[in-house]
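Report on the following structure.
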Amino acid sequence: MTRTYPDEPAEEFPQPPRTITDREDRSIDVIPADDADTESLVEMYLDFDPADRAQGIPPVKEEAIREWLDTILDGDCVNVVAKHDDTVAGHATLVPDNEDEHELAIFVLQAYQGAGIGTALVETLLGQGQSKGIDHVWLTVERWNDPAISLYEKVGFEISSAESFEIEMAIRI
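In the numbering used here, the protein residues as written are 3 to 175.
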């Protein structure tokens, strides 16, 4: 399948590390995932609300979470995490597919949703991707997930396909 990408690349995005203040007045550090503790990521995913899972990710059981993290924290993927004090509040990843493209996935703990952390994660992940020479990023989102769609559009994603119950969006960075 050939994806449609915008003609023009997006503006430059911020790179990690960076600190933001979210809408709840919390100081959030957005850092490369390799600077974070893997055990903190496991804990985040064990606390993840099952209602927020899509397409079977993140996995539910600890062993499956660890296997999944082993895969996406390898050298080919780009990962950033959002930390509030000692808590990993969110994680975003770019996973290469079989083309010269990367799929974006983002996860924010329910207690931290709606506070601007997702936007900071996506922007910082895209900045990290730009620094690594990544050009094409795509994602899928359920068509009824208006907050996520708004976030993606705000940072520059455009709808490339809306033929199923999921919307595919793409950006050139």
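The C-beta atom is built at its ideal place from N, Cα and C for all residues, glycine as well. Computed from a prediction, not measured in an experiment: that's the story for all the values here.
Worksheet entry | Residue closest to I33, alpha-carbon to alpha-carbon, out of E41, T23 and P19 | Here residue 33 refers to the residue found at position 31 of the sequence shown. Among E41, T23 and P19, the Cα nearest to that of I33 belongs to P19.
Discussion item. In this structure, how does DSSP classify W146 when only helix, strand and coil are distinguished?
Written reply: On the sequence shown, position 144 is the one that residue 146 refers to. Three-state result, W146: coil.
Worksheet item: So who's on the other strand from N81, going by DSSP bridges?
Response: Position 79 of the sequence shown, counting from 1, holds the residue named residue 81. BP columns for N81 point to T95.
Worksheet item: Could you give the residue range of the alpha helix (DSSP H) that holds S162?
Response: The count along the sequence shown starts at 1 and reaches residue 162 at position 160. Looking at the DSSP string, S162 is not in any alpha helix (DSSP H); the run it does join, the beta strand (DSSP E), is E160 to S163.
Worksheet item: If you count every other CB in all the chains shown that lies within 10 Å of the CB of A35, and 16 or more means buried, which is it?
Response: Sequence index remark: in the sequence shown, residue 35 carries index 33 (1-based). Its Cβ being crowded by 16 or more others within 10 Å, A35 is buried.
Practice prompt. Look up V62 in the DSSP assignment and say whether it is helix, strand or coil.
Written response: Counting from one through the sequence shown, the residue named residue 62 turns up at place 60. Looking at V62 - three-state DSSP - the assignment turns out to be coil, as it is neither helix nor strand.
Worksheet item: Looking at Q130 and V97, is the spacing between their C-beta atoms short of 7 Å?
Response: In the sequence shown, the residue the question calls residue 97 occupies position 95. In the sequence shown, the residue the question calls residue 130 occupies position 128. The answer is no: Cβ separation not under 7 Å.
Worksheet item: Residue range of the beta strand (DSSP E) that L106 falls in?
Response: Here residue 106 refers to the residue found at position 104 of the sequence shown. Boundaries of the beta strand (DSSP E) harbouring L106: H104 to V110, taken from the DSSP string.
Worksheet item: Identify the residues that DSSP records as bridge partners of T23: which are they?
Response: Residue numbering aside, residue 23 sits at position 21 when the sequence shown is read from its first letter. When DSSP reads this structure, T23 sits in a beta bridge with S29.
Worksheet item: Exposed or buried, what is P52 when buried is set at 16 or more other beta-carbons lying within 10 Å of its beta-carbon?
Response: To locate residue 52, count along the sequence shown from 1; it is residue 50. Exposed, because fewer than 16 other Cβ atoms sit within 10 Å of the Cβ of P52.
Worksheet item: I think A91 touches I119, with their Cβ atoms under 8 Å apart; what is that distance to the nearest whole Å?
Response: Position 89 of the sequence shown, counted from the start, is the residue given in the question as residue 91. Position 117 of the sequence shown, counted from the start, is the residue given in the question as residue 119. 6 Å between Cβ atoms; contact.
Discussion item. According to DSSP, simplified to helix, strand and coil, what is T40?
Written reply: As a first step, residue 40 is located in the sequence shown; it is residue number 38 there, counting from the start. The DSSP-derived three-state label of T40 is helix.
Worksheet item: Is there contact between the region 56-64 and the region 13-31, where contact requires at least three CB pairs shorter than 8 Å?
Response: Judged by Cβ distances under 8 Å, the region 56-64 makes no contact with the region 13-31, as fewer than three pairs qualify.
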